[in-house]
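Engineer:
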Amino acid sequence: MSAPLRVLALHGPNLNLLGRRETAIYGTTDLATLETDLRALAADLGATLESRQSNHEGQLVDWIQEAEGAFDGLLLNAAAYTHTSIAIRDAIAAVRLPCVEVHLSNTQAREPFRHRSTLAPVCVGVVAGFGPSSYALGLRGLIDYCRAPERDSP
Ligand code: CA2
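Under numbering that gives the first Met the number 0, the residues of the sequence shown are numbered 0 to 153, in order.
1. Does leucine 7 come out as helix, strand or coil in the three-state DSSP assignment?
2. Note down, one range per segment and in chain order, each beta strand (DSSP E) of at least 3 residues found wholly within the region 84–127.
3. Is the beta carbon of alanine 2 within less than 8 Å of some heavy atom of the ligand CA2?
4. Over what stretch of residues does the alpha helix (DSSP H) that includes threonine 35 continue unbroken?
5. What would DSSP say about serine 1, mapped onto helix, strand or coil?
6. Any heavy atom of the ligand CA2 closer than 8 Å to the beta-carbon of arginine 88?
7. Check whether the Cβ atoms of leucine 4 and aspartate 71 sit closer than 9 Å, and answer yes or no.
8. With distances taken from CA atoms, which of Ser133, Leu16, Gly124 and Leu7 is nearest isoleucine 63?
9. By the 10 Å Cβ neighbour count, where 16 or more other Cβ atoms means buried, how is glutamine 52 classified, buried or exposed?
10. DSSP beta-bridge partners for glycine 72?
11. So who's on the other strand from leucine 59, going by DSSP bridges?
12. Answer yes or no: the CB of asparagine 54 versus the heavy atoms of the ligand CA2, is any distance below 8 Å?
13. Rounded to a whole number of angstroms, what is the C-alpha to C-alpha distance between arginine 115 and glutamate 100?
14. If you compare alpha carbons, which of Ser133, Ala69, Asn76 and Val126 is closest to threonine 47?
15. Quick one: is histidine 55 buried, meaning 16 or more other Cβ sit within 10 Å of its Cβ, or exposed?
16. Starting from alanine 135, follow the alpha helix (DSSP H) in both directions and report where the run begins and ends.
So this is what it looks like as structure tokens:
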């Protein structure tokens with residue numbers, strides 16, 4: 000029996016407001032519920048999941064750097080930093096950990112400034128548009144990738 004995979008889920012700016020504002024776009028599930036459901040799914044899939052949210056770019060960079068050695072993979076909704084952050088991109092590229100980018104909304108169907116991700120090129124995959132299910136699908140993909148990275152690599 001192998002040790003459980005350790006996944007770090009990171010949530011970027013304003014996602015602490017989930018379920019309380021802009022429910023037409025982001026749904027009614029709050030962050031605490033999303034985290035609880037994700038932890039339960041991780042356990043079903045033989046993984047552990049730690050979840051953190053920050054409104055600060057540097058904090059997200061610190062957590063990504065510190066994840067090396069402590070976690071096996073990253074599940075990341077960098078929120079608005081997805082479209083702007085070279086610092087987060089560089090941190091993902093610097094650590095030897097697979098990262099899956101997730102979004103609640105379908106960013107390609109929204110304003111043009113949300114169409115580009117600075118992070119996607121350094122991630123192993125992207126899931127967007129399925130609400131909280133984007134996280135569940137991303138977690139499954141990340142765990143599969145961690146277990147068989149050579150199969151899933153381009
Ligand atoms: O769809 C996503 O998950 C996004 O990452 C959400 C970001 C947005 O900037 C990205 O383009 C797409 C915004 C997160 C803001 O979350 C809120 C939640 C409730 C109320 C207000 C904002």
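Beta carbons: idealized from backbone N, C-alpha and C, even for Gly.
From a predicted model like this one, the values you see are computed outputs, not experimental measurements.
Structural biologist: Taking the coordinates as given:
1. strand
2. 98–102 and 124–127
3. No, the ligand CA2 has no heavy atom inside 8 Å of this Cβ.
4. 30–43
5. coil
6. False, no ligand heavy atom lies under 8 Å from that Cβ.
7. yes
8. Leu7
9. buried
10. Val6
11. DSSP, once it has assigned bridges, lists no residue as partnering leucine 59.
12. no
13. 13 Å
14. Ala69
15. exposed
16. 131–146
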